[in-house]
Amino acid sequence: MGWKKTLIISLSILVGAAAIIVLIFSTEPEASRSGATKETAMLVEVNKAEQGNFTPIIQATGTVQPSQDIVLSSRVSGEVVNRSDKFTPGSYVKKGEVLLQIDPSDYRNAVRQAESELRQAKSELQLEMGLQEAAKKEYKLLEDSLAPTNKALVLREPQLESAKSQVASAEASVEQAKLNLQRTTIKAPFDAYILNRNANLGSLVAPGQDLGRLVGVDYYWVETTIPLSKLRWLDFSGEENSPGSEVVIRNRTAWDEGETRTGYLFRMLGSLENQTRLARILVEVPDPMALERENDGKPGLIIGSFVETRIKAKPLEDVVRLNRDYLRANETVWVKEGDSLSIRNVSILLQDANYAYITEGLAGGEQVVTTNLASVTAGALLRLEDSSTRNPE
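Okay, so the sequence shown: first residue is 1 according to the numbering used here, each after it adds one.
Structural data, given as structure tokens:
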């Protein structure tokens, strides 16, 4: 009977425990849900929209290239007998400076020979003119007995014209000989920077031979590309040498922080860039090597270098300027109206690297929400950081 008694006691304990558990759950207080439906205002930051007249800045990148670039060559042949020390890569030369001297001996002799032939031709002309005077006297005596067709022969007119032609030909030979003599002295055709040199003392040069490469230092060009949609906002140089829009140039690789050069929009090229299909434009930079006193201390441009350009566009009047970071999807802007959110569709006239310029949908002074929110709906409650943190009733 001992085991039956143990079984009964165990069952009694289990039944009692179950009764206690049921009693506890049946008497548990029910949680109140009265505050669950209250909406919490989202904490945001705002910036006031600016309205006024602005000058957008269009940023682009480009490559420096010379505006004047020539291969120096000779128009006569001969041995180089003199070379200027300035005719060295990396040197600057002024227009008209002598770079090379070709042996002029043969060309001086050619001048003397041509001058001698000219004197001979002039002497023959004088002799022929004397013979013509005698022919005129004879013609007067024989005028009645000669046919009119023989008059030119009797007066030696063909011989006189031939003598005059000989003089003209000799004069031309003298001019050509002197010109060839001048060409033995090779000068800089413009203010230039020497990129390379291919002739030295003793070199034998021929007409058209590459003697060196020179680039002009009055101006360099920066060829850059921009989207076609922005072309209408650019002002290129016009007639009477009026400069185009100002362009600030920066070389982050080679220049110190804050160092810049100033150029001006020059021309739009007539073809698009092959790969990007962007418009190609030229920026003209005066005194690119900073040789003039007014540019003393400024950095020089290096041909082939990659630079940044900041182009001043045409001024925009009476528009709203907004940081591009505050534009939302599908050209919308979040605006705080009172304590609620308004999602605005806006009309954007132009965007540059930092700002969007808006003509409709946003007014100056309105509070633009700058906080990124995970999900938004029109009319959602908003509050600023210094507003009361208590939930609205």
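Glycine included, every Cβ here is placed at the ideal spot set by N, Cα and C.
Which of the three DSSP states, helix, strand or coil, is assigned to residue i?
i: Ala356; result: strand
i: Leu373; result: coil
i: Leu278; result: coil
i: Val307; result: strand
i: Ile302; result: coil
i: Tyr326; result: helix
i: Asp106; result: helix
i: Met289; result: coil
i: Ala378; result: coil
i: Leu127; result: helix
i: Arg252; result: coil
i: Arg383; result: strand
i: Leu362; result: coil
i: Arg390; result: Bear in mind that a pLDDT of 38 at Arg390, under 50, signals an unreliable position, so the model cannot answer this.
Please list the terminal residues of the continuous beta strand (DSSP E) segment that includes residue i.
i: Phe87; result: Run containing Phe87: none; DSSP gives neither H nor E here.
i: Asn47; result: Val46 to Lys48
i: Trp233; result: Run containing Trp233: none; DSSP gives neither H nor E here.
i: Val71; result: Asp69 to Ser73
i: Asp210; result: Asp210 to Gly216
i: Arg197; result: Ala192 to Arg197
i: Pro66; result: Ile57 to Pro66
i: Thr185; result: Thr185 to Lys187
i: Lys336; result: Thr332 to Glu337
i: Thr40; result: That residue, Thr40, is in no beta strand (DSSP E); it is neither H nor E in DSSP.
Let me check understanding here. Comparing Cα to Cα, which of the options lies closest to residue i?
i: Leu384; options: Thr377, Leu341, Asp352 and Val217; result: Leu341
i: Leu291; options: Leu282, Arg277, Tyr220 and Gly244; result: Tyr220
i: Ser305; options: Ala114, Thr253 and Ala163; result: Thr253
i: Ile57; options: Leu350, Ile358, Ala363 and Thr359; result: Leu350
i: Val346; options: Ala353, Ala363 and Asp339; result: Ala363
i: Gln51; options: Thr359, Arg344, Thr371 and Pro89; result: Thr359
i: Thr371; options: Asp352, Arg344 and Asp325; result: Asp325
i: Val64; options: Met289, Thr332 and Ala353; result: Met289
Return the CA-CA distance between residue i and residue j, expressed in angstroms with no decimal places.
i: Ser375; j: Pro315; result: 37 Å
i: Asp256; j: Thr224; result: 22 Å
i: Gln101; j: Gly208; result: 16 Å
i: Ile303; j: Thr262; result: 16 Å
i: Leu127; j: Leu118; result: 14 Å
i: Thr260; j: Ala313; result: 18 Å
i: Gly78; j: Asn198; result: 15 Å
i: Tyr357; j: Val247; result: 20 Å
i: Thr55; j: Glu317; result: 9 Å
i: Met42; j: Gly379; result: 11 Å
i: Asn323; j: Val215; result: 43 Å
i: Asp103; j: Gln176; result: 17 Å
i: Ser229; j: Ala329; result: 21 Å
i: Tyr107; j: Leu99; result: 19 Å
i: Leu327; j: Ala353; result: 13 Å
i: Thr377; j: Trp334; result: 10 Å
Looking only at its own chain, which residues have a Cβ that is under 6 Å from the Cβ of residue i, when we skip the five neighbours before and after it?
i: Arg183; result: Arg75 and Val76
i: Arg310; result: Ile57, Gln59 and Val248
Could you name the residues of the same chain whose beta carbon sits closer than 8 Å to that of residue i, not counting the 5 residues immediately before and after it, in chain order?
i: Arg280; result: Glu223, Thr224, Thr225, Met268, Leu269, Ser271, Leu272 and Glu273
i: Leu201; result: Val80, Val81, Asn82 and Arg83
i: Asp218; result: Ser67, Gln68, Phe190, Asp191, Pro286 and Asp287
i: Glu294; result: Asp287
i: Arg213; result: Asp69, Ile70, Val71, Leu72, Ile194, Leu195 and Asn196
If I measure Cβ to Cβ from residue i and keep anything under 7 Å in the same chain, skipping five residues before and after, which residues do I get?
i: Arg250; result: Thr260, Val307 and Glu308
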